[in-house]
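Written below as structure tokens is the structure these notes are about.
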Amino acid sequence: MPPNETKQPYFLWLDLEMTGLEATTDRILEAAVIVSNHDWEEVFLWESAVVQPKEVLAGMNEWCQTHHKESGLLDRIPTGITEAELDEKLADIVSNHWGEVPAILCGNSIHQDRKFVDQWLPQFASKLHYRMLDVSSFKVAFQELYDLRFEKKNAHRALDDIRESITEFRFYLERVAS
């Protein structure tokens, strides 16, 4: 390891549920994080719904309206925290587990979540490493090169999706190790 790099003490798994996919106009509805060790075991987890104004919820596309209603997420929105509270909480989680070391963000298509983090959660964004561990990159490689597929449940709830991402990542790692 180069002398200017510090080994990650943990990995930070994140999933956000949003009102759509456009980070500049859509908003965060739910966030969950899992801090995992190097054996991909959960060390810490946290989740919360995020309060949004009625006009934001009314502006969701049909897919989001349907899936967030079916999953029960829309019922949790009024009891959630604000985006400012979310930003502070996630920044605190990184500080508590990583100290001054920037955390590597992990997840499926994590670049999409990162766009929302950069747009709406500046304190948290400032604590993240520029590198990310994207499970969907492994998915593409294993499907295209080896015709291996991981069967997903697609719950579309943040904590369920993170746990599924960790399980999927283990699936690919086990194929490499065998």
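Read the sequence shown against full-length UniProt numbering and you will find it ends at 178, with the numbers running on by one and no gaps. Cβ coordinates follow ideal geometry from the N, Cα and C atoms, glycine included.
Residue pairing by DSSP places E47 opposite A32 in a beta bridge.
Taking C-beta atoms under 8 Å as the contact rule, V135 and E174 fail to qualify, at a distance of about 14 Å. Take F138, set aside five residues on each side of it, and the residues of its chain with a beta-carbon closer than 6 Å to its own are Y172, in chain order. In this model, C106 and K54 are separated by some 31 Å (Cα to Cα). In the three-state reduction of the DSSP assignment, R131 falls in the strand class, which pools E and B. Per the Cβ contact rule, the stretch 4 to 23 is in contact with the stretch 153 to 163 (3 or more Cβ pairs under 8 Å). Fewer than three pairs of CB atoms, one per stretch, sit closer than 8 Å, so the stretch 145 to 156 makes no contact with the stretch 116 to 126. In this structure, DSSP gives L14 an extended state, which the three-state scheme calls strand. With fewer than 16 other beta carbons inside 10 angstroms of its own, G99 counts as exposed. Excluding sequence positions up to five before and after C64, its CB lies within less than 7 Å of the CB of T19 and G20, all in the same chain and listed in chain order. Boundaries of the beta strand (DSSP E) harbouring L105: A103 to G107, taken from the DSSP string. The alpha-carbon separation between R170 and E70 amounts to approximately 28 Å. Distance from the CA atom of I34 to the CA atom of E42, rounded to whole angstroms, is 6 Å. Note on geometry: alpha-carbon atoms of W46 and A58 lie some 27 Å from one another. S165 counts as buried, since at least 16 other C-beta atoms from the protein chains shown sit within 10 angstroms of its C-beta.
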